[in-house]
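Here the protein sequences line up with chains A and B, keeping their order. The numbering of the first sequence is the numbering used here, which starts it at 308 and goes up by one. The numbering of the second sequence is the numbering used here, which starts it at 308 and goes up by one. By construction, the Cβ of each residue, glycine as well, lies at the ideal position given by its N, Cα and C atoms.
Number of protein chains: 2
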Amino acid sequence: MWSRAAFLALFLLAPAPALADEGMWTFHSPPKKLLKEKYGFDLSDAWLEQVRLASVRFNSGGSGCFVSPNGLAITNHHVGLDSIHKLSTPEHDYVRDGFYARTQAEELKCQDLELNVLVAVTDVSERVKGAVEKDATPEEAVKQRRAAIGTIEKEAFDASGLRSDVVTLYRGGEYWLYQYRQYKDVRLVFAPEGQIGFFGGDPDNFTYPRFNLDFSVFRVYEDDKPAATPHYLHFSPGGVAEGDLLFVSGNPGSTNRLQTFTQIEYLRDKTRPRALATIAHLGAALREYAARGAEEERQSKDLLFSLENSRKAYAGELKGLLDEGLMLRKAEEEAALRDEVVQRPELAAEIGGAWDEIAEAQALIAEQDDRYYYARMRSDLAGKALTIVRYVAEVEKPNGERLPEFRDSNLDNLKFSLFSEAPIYLGLDETMLRSGLELAAQNLPADDPFLTLALGEKEPAALARALVSGTELEKVETRKQLVEGGGAAVAASQDPLIVLARTIDPLLREMQERAEELGFRITQAQEKIARARFAVYGNSVYPDATFTLRLAFGVAKGYEEGTTLVPWKTNFYGLYGRCRAFDNKAPFDLPPRYLEREARIDLSTPIDFVSTCDITGGNSGSPTINRKGELVGLIFDGNIQGLPNAFVFADQADRAISVHVAGILEALVKVYDAGPLAAELLGGM
Amino acid sequence: MWSRAAFLALFLLAPAPALADEGMWTFHSPPKKLLKEKYGFDLSDAWLEQVRLASVRFNSGGSGCFVSPNGLAITNHHVGLDSIHKLSTPEHDYVRDGFYARTQAEELKCQDLELNVLVAVTDVSERVKGAVEKDATPEEAVKQRRAAIGTIEKEAFDASGLRSDVVTLYRGGEYWLYQYRQYKDVRLVFAPEGQIGFFGGDPDNFTYPRFNLDFSVFRVYEDDKPAATPHYLHFSPGGVAEGDLLFVSGNPGSTNRLQTFTQIEYLRDKTRPRALATIAHLGAALREYAARGAEEERQSKDLLFSLENSRKAYAGELKGLLDEGLMLRKAEEEAALRDEVVQRPELAAEIGGAWDEIAEAQALIAEQDDRYYYARMRSDLAGKALTIVRYVAEVEKPNGERLPEFRDSNLDNLKFSLFSEAPIYLGLDETMLRSGLELAAQNLPADDPFLTLALGEKEPAALARALVSGTELEKVETRKQLVEGGGAAVAASQDPLIVLARTIDPLLREMQERAEELGFRITQAQEKIARARFAVYGNSVYPDATFTLRLAFGVAKGYEEGTTLVPWKTNFYGLYGRCRAFDNKAPFDLPPRYLEREARIDLSTPIDFVSTCDITGGNSGSPTINRKGELVGLIFDGNIQGLPNAFVFADQADRAISVHVAGILEALVKVYDAGPLAAELLGGM
């Protein structure tokens, strides 16, 4: 058919590395030349430093930025949601009703939210790579590299007191020491009602046009006082116009653009379908739990949302991967690079086998993959039990030989999370545990060693009930006593979850080591491919995302969809229009305040807008910034057309969706009477 | 891939004739049983008669209904557009600015608009079929049938004075005499600005959600006084709710649901691609013409719109046909029916060969198809020339032997159109003529007889220029003189378009006869297939659309699209939201009145809504009616998902789009100060 043929022709004509508004660039290798050529913009070091120091990573899994010199930080509502949820009680449902601290005294301290600011980066590639001895086996190389990384991180932490992480870029092509200022006293200042943060609910997720005020405001404290944050972004008074050059500074979580065709095939045929089956099973179990009562519904709401979010994301991604066009493009790109390599004999000798090495390792991974997947139990309590069992063993080892999360530089964060006062809901946890065990029983062969160890002759439901009713790990005190009691206390514990963790830990470690070894083989081969890309295409490539700070760029721009045009921005008319078109029924209902105060609102005020910036999960809450370095919006989603962009920056219609700062201000002033907060955001406090 | 497999499974499970809200039913075989079973609704004869007599066919190509006892008729703006355009002048652009006659004296008489009301139907199948002698060849059968139809129509017209058409249903399965009351004095009462009638322009055409006030109001006169129209539809005071049972009474133009797989393949591979190529060529020529100046732009605007409309419709249809799923469904349906026929030996003997007969005739049609297509010149003047040349020849023949459009019963209408005072734009007509000749020269072999006769050694552009500059047919007087002068005057005429028409008429007639003969062979075979469908499926089938009055039914209902939900209705919030999202830029700009008077409007008032009613082109302007027989809306479009429905009533998301009566009233009162018109519509004049 002509459509297929035309599509093919397009691919064959396209240059291998596309140079659209593509790339999640590091701040230490920014696309200065590209921006100068394409947009006439001089990306200065001063601009970069100011934006980097104003950018904030929310370790709950998102991004944000400072918006006042007094520690005020803004992010998405759905990034803040975990904290807002933990601060809520059956009496005060801040998720449903929103929250506003009219004075600093009213600001609510989050239980386990940590914010990071990237203050220093150092290239440590030589040192990490140099630590591997010349004749090291891959297994030895892993250990030597891990030891070197452990040492670098510990030295850096000891010298500076800063969180110090060695980050692997280009799948092992480069290693960088990233150092962060950490903020652990973070307080909730403002949250709108969940219903306006997530207006349109699941149906509108990954959809555009969109009408969400997906923002929340926090403040970082030091010594019980608002922290001084001299680097912050000003709310733009001028707004945005279509065609404006924009930047996104945030922490994209993970992309697989350097993965080979074989790897993506595995994802398409195994990993994603399995994840979707898991989500379906767990979702059904959680909905059953939520149906028991209002409190159960409240407890499971977030999880159900994030599950539905993942379902849509994976399904969209899988749809992209099942599209022959996209896979063809990937295959073409790979063939083009391999052709270039073949034409360079030296490169070919060094690198040519990399693709086959990955295919072989991939086949070996497949052998234990299901067991490794199903043995990781998705229960908060079971996870804490395993952490405790490992903690007491790992801290006895030299720093460089420990599992990464138990290295000295990470121990503080680990304890922060392990000893969090945030409530654990036993019924919810039992549901998670049961679902995981049922899935394992359904999907692993009957004689699988994990099943034998964990389940034995028991039924999953009965075991989950016994584990959760018998444990005391939901108490922070119990967890502290076990950790402080060390190996002896843990060995003596009769807590059923600790017993289970002790039983399966050896098997889990064995699988983890095997997975790491095979992962490292793949990393080595990918490092070769990354080198080949550098050699062939120069600095027109950027590393895959690693939940570290990146800069994307693009323009505010609408697009064509189906038969029509989609505007680059939406407004309050559209919000009320969609609400009324659905007769104010959930999930298109508006919070009461919005219905009462409609007349005050200038309905033409923009709410959300789209740009061509290259983003992915983890970018949620990222500041969208104009040329002047002013804040014009907050990234909160991508449209469905953008979902396959974990693998290929794909489409004419791939768009990043931001909340517009004008919409935030309009709501704060007109709907919430939050003038003082608006004034602080506008710099007039 | 799973998607394909799942799709296939669905088809194999589906019963052959789908029984969704499907069908464009005649008023003489309405789906009473279906409505009773599915919706508990008693479709009474009184209800049917009232709706039929209130329904109006606009012979410019649309539908409508009476809405007051004093001759007031409502339809779409785009159905009235041809008349509004013809009433406009460079000084008074009613298309751009709208029109409102505050008194009856100000109502503007349309130049050539005719409205028809279906007042009587009679089954004449026996008489038409009986007129064919037992041993007649197909060619003889065509003539005998044509003669019988001519006689029936003439007798009926002479006896009643009513327009009398014999309508072929079920591709020849049935013949019915349809008699219409004709209204030829039709006056424009109200038209909104074209921009609100067609808000969103080409991009939003075939799109939903939609925000168009696509209506215009006319009044029929008799003896220079408003005609009495006791059968009319009341504007519903209660509006519509999601899930309401609705009816559409109108004149769907043409569907091909009884066509065989072979025929649809031909459409997919030949007819539609050729039409799209023609549209592209003519569209380019017209845009060039429109670029010459404001007046040229005004002249060609309508044509360009209707061209773009056809392009989108054909492209959407072609997309449907290129979808393997749809063709597979068609193939499955056909195979199921053929299976049923095979299992009934008597039926098989009579009917079994029908599909092969169609395939053979189709192959013969293909032999002359391109010549026949390109020889029909799409120019108003060339068309009038051919009509004149044929007129003087045909009226000399006995009524029954004439070409259908020259039968006595049709002569009045023919003259009404041929002698219309509506302006003919020479530059525009030359552009059309040139484009048609260029396409013929490009697509027919060099020695094609049409090219030899029409073009000879000349270039298309030069010939078109010579024809249009040399003709005087743009004058009504010239056309009248030729017709009145009869054969002698036409034979003596040196008008270059008359000369051309005389030259090519024999070839055109030859091709027309051949096409009719082959068409009749196909009709005969289709009649067999229609009989087979009756025999197998009973009265669960309805005839293909023939631009005669039909009743469709369905419910007001939203749908899923892509990742999200589409609401069943839209409102003024959405209109202003879309306008502002595009910064009031064309084609999303609002007429000044809407910007000035926004504050008066209740923005939650519905504008448009969708229902599952089965419609197609020609239904534009059809009343959408509730159970009580009240008017709740006017059909004005289908969404893009509905485009393949000429062949298969397709999709979960196939929707008919109506203007909501509440939106019409809100605009009349709040925007246009047209309170008296609103009062007449509400019955309070």
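What is the DSSP secondary structure of residue i, reduced to helix, strand or coil?
| i | result |
| --- | --- |
| B/Ala863 | strand |
| A/Ser800 | coil |
| B/Asn366 | coil |
| A/Ala748 | helix |
| A/Gln650 | coil |
| B/His399 | coil |
| A/Val424 | strand |
| A/Glu639 | helix |
| B/Glu703 | coil |
| A/Leu614 | helix |
| B/Asn878 | strand |
| B/Leu350 | coil |
How about residue i and residue j: are their beta carbons less than 8 Å apart?
| i | j | result |
| --- | --- | --- |
| B/Lys835 | B/Val917 | no |
| B/Leu725 | B/Thr694 | yes |
| B/Gly928 | B/Leu941 | yes |
| B/Val493 | B/Val939 | no |
| A/Thr270 | A/Tyr596 | What is shown of chain A runs 308 to 992, which leaves residue 270 of chain A out entirely. |
| A/Asp921 | A/Lys876 | no |
| A/Val702 | A/Asp736 | no |
| A/Arg557 | A/Ala498 | The amino acid at residue 557 of chain A is misidentified as Arg; the sequence shows Gly. Cβ atoms of A/Gly557 and A/Ala498: not closer than 8 Å. |
| B/Gly993 | B/Arg838 | Here chain B covers residues 308 to 992 and nothing more, so residue 993 of chain B does not appear. |
| B/Asn946 | B/Tyr515 | yes |
In its own chain, which residues sit with a C-beta less than 8 Å from the C-beta of residue i, not counting the 5 before and 5 after it?
| i | result |
| --- | --- |
| B/Gly690 | Met684 |
| B/Ile459 | Val431, Arg434, Val435, Ser471, Val473, Leu484 |
Once you ignore the five residues that flank residue i on each side, which residues in its own chain have a CB closer than 7 Å to its CB?
| i | result |
| --- | --- |
| B/Leu815 | Ala682 |
| B/Ala321 | At B/Ala321, the pLDDT of 30 sits below 50, so the modelled position is not reliable and the matter cannot be decided from this model. |
So with Cβ pairs under 8 Å, would you call residue i a contact of chain A?
| i | result |
| --- | --- |
| B/Gly545 | no |
| B/Pro951 | no |
| B/Ser607 | no |
| B/Lys637 | no |
| B/Gly869 | yes |
| B/Ile947 | yes |
| B/Lys977 | no |
| B/Lys577 | no |
| B/Lys619 | yes |
Leaving aside the five residues before and after residue i along the sequence, list all residues of the same chain whose C-beta is less than 6 Å from its C-beta, in chain order.
| i | result |
| --- | --- |
| B/Ser390 | Cys417, Leu420 |
| A/Ala323 | Reliability fails at A/Ala323, whose pLDDT of 35 lies under 50, so the model's placement of it is uncertain and the value that follows must be treated cautiously. Closer than 6 Å at Cβ, skipping near neighbours: Glu640, Ala643. |
| A/Ile731 | Asp687, Glu781 |
| A/Gly457 | Asn706, Gly707, Arg714 |
| A/Leu808 | This sequence places Ala at residue 808 of chain A; Leu is not what is there. Result list for A/Ala808: Ala692, Leu693, Val696, in chain order. |
| B/Tyr490 | Leu422, Val527 |
Report yes or no: is there a C-beta of chain B within less than 8 Å of the C-beta of residue i?
| i | result |
| --- | --- |
| A/Gly632 | no |
| A/Pro510 | yes |
| A/Arg887 | yes |
| A/Ile571 | no |
| A/Ser310 | Confidence at A/Ser310 is low in this model, with a pLDDT of 25, below 50, so the placement of that residue should be treated as unreliable; the coordinate-derived value is given next. For A/Ser310, the answer is yes, since a Cβ of chain B falls inside 8 Å of its Cβ. |
| A/Phe841 | no |
| A/Phe954 | no |
Given 7 Å as the limit, tell me if residue i has its C-beta closer than that to any heavy atom belonging to the ligand SAM.
| i | result |
| --- | --- |
| A/Asn377 | Among the components modelled here there is no ligand, and therefore nothing to report on the ligand SAM. |
Taking Cβ-Cβ distances below 7 Å as the criterion, which residues of the region 871-883 of chain B are in contact with chain A? Cβ contacts with chain A: Thr871, Leu872, Pro874, Lys876, Thr877, Asn878, Tyr880, Gly881, Tyr883.
Positions along the region 361-383 of chain A whose CB lies within less than 8 Å of some CB in chain B: Under the 8 Å Cβ criterion, the region 361-383 of chain A contributes no residue.
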